[in-house]
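Note that our numbering has the sequence shown beginning at 866, numbered continuously upward.
One structure is given below, encoded as structure tokens.
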Amino acid sequence: MIEPEPPRSRRQGPVLIVLHQERSSPGRVGQMLLEKGYDLDIRRPVLGDKLPATLEGHAGAVIFGGPMSANDPDDFVKAEIDWLKVPLKENRPYLGICLGAQMLARHLGAKVKPRDDGKTEIGWYPLQPTEKGRLLMRWPQMVYHFHREGFDLPHGADLLATGDTYPNQAYRYGANAWGLQFHAELTRAMMQRWVVHGEHRFCMPNAQQGREHLEGRMIFDAALKAWLSDFLDMVFEGKHTMAA
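So, in structure tokens, the structure goes:
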């Protein structure tokens, strides 16, 4: 008889969570990390929180999205981009989601910019894994977006997944740094809040209307949630799932 794995010890240090608004939440990423046995160290540099000089006491870091741009001149934006030298130098697990992925791209010398035609990705759009991505794990067919800028692939990074409007959707740099352009972390309450507060963006080119966001969630979210759990295991545990 195979014994079930015991709950993970919480003695390896918390995951650093970097958020960009007073009421922002780590959503399902936070929930899943807690379920996997990690504590969370939540910081908001935009409100004056400092980031640690080392990640020796942390299991890794996640920088989430936000309404600002990685090109903004704000001191906290520049400080976060510069701080990324810490996980890279120490080879600690790092996950950047949307803005966090764009910040990593900027840190590595790549450009962050909108499309020339102004097209956005706001809603649900298809995702296509690359050959390198398929070798790592199975990927969801549809993912949720809320952005109007994309990023060039940093030099030396591996592209793991691509899309029609913004080609760089997921990438890996080195052994432990990962960037995602899309959002898998939204709970139902978070999506409803984004749809209400982001309604003024639905008139932008290629954006979907609010009802499409919520209808898409009913169809595509279960697969996205299952993928996220496996992906977090890969980022923070080094576990690989059976490739497609």
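Where a beta carbon is used, it is the ideal one built from N, C-alpha and C, also for glycine.
Helix or strand or just coil, what does DSSP make of Q1057?
helix
With DSSP run on the structure shown, which of helix, strand or coil describes W1004?
Per DSSP, reduced to three states, the secondary structure at W1004 is coil, with no helix or strand assignment.
For S874, I'd like the list of residues in its chain whose CB is within less than 8 Å of its CB, leaving aside the five on either flank, ordered along the chain.
With a pLDDT of 49 at S874, under the threshold of 50, the modelled position of that residue is not reliable, and the figure given next carries that caveat. These residues qualify, in order along the chain: G902.
In the DSSP assignment, find the unbroken beta strand (DSSP E) run with P991 in it and report its ends.
Boundaries of the beta strand (DSSP E) around P991: 986-991.
Limits of the unbroken alpha helix (DSSP H) element including V951
950-955
Do you know whose CA, among L905, A924, E900, lies nearest G1103's CA?
Nearest Cα to G1103 within the set L905, A924, E900: A924.
When burial is assigned at 16 or more other CB atoms within 10 Å of the CB, is V1061 buried or exposed?
Exposed, since its Cβ has fewer than 16 Cβ neighbours within 10 Å.
Nonlocal neighbours in the same chain, by C-beta distance under 7 Å from F941, ignoring five residues either side:
Cβ within range, chain order: P910, V911.
May I have the straight-line CA-CA distance separating E868 from D1098, to the nearest angstrom?
Any answer about E868 is weak, because its pLDDT of 45 lies below 50 and its placement is not dependable; what the coordinates show is given next. Answer to the nearest angstrom: the Cα atoms are 20 Å apart.
Quick test of the definition: if touching needs 3 or more C-beta pairs under 8 Å, does the stretch 956-971 touch the stretch 1033-1052?
The stretch 1033-1052 and the stretch 956-971 touch, with three or more beta-carbon pairs separated by less than 8 Å.
Based on the DSSP output, what are the partners of Y1036 in its beta bridges?
Answer is L1024, G1044.
Counting only runs that start and end within the stretch 918-947, where is the beta strand (DSSP E) found for 3 or more residues in a row?
With a minimum length of 3 residues, the continuous beta strand (DSSP E) runs that stay inside the stretch 918-947 are 925-928.
Just the Cα atoms here: how many angstroms apart are H1048 and W1004?
13 Å
What whole-angstrom Cβ distance do G1015 and Y990 have, given they're in contact under 8 Å?
That pair is no contact at about 12 Å.
With distances taken from CA atoms, which of R1013, F1101, K984, K1090 is nearest M1007?
K1090
Take the Cβ of G913 as the centre, count every other Cβ of all protein chains shown within 10 Å, and call the residue buried at 16 or more, exposed below.
exposed
Indicate whether the contact test is met: 3 or more Cβ pairs, each with one atom in the stretch 964-979 and one in the stretch 1016-1024, closer than 8 Å.
yes
Quick check on DSSP: helix, strand or coil for L884?
coil
With DSSP run on the structure shown, which of helix, strand or coil describes K901?
coil
Are the Cβ atoms of P891 and L881 separated by less than 8 Å?
no
Is N1033 buried or exposed, if buried means 16 or more other CB atoms sit within 10 Å of its CB?
buried
Should P994 go down as buried or exposed, given a rule of 16 or more other Cβ atoms within 10 Å for buried?
It counts as buried.
Alpha carbon to alpha carbon, how far is R971 from W1059?
About 26 Å.
Return the CA-CA distance between R908 and K915, expressed in angstroms with no decimal places.
7 Å
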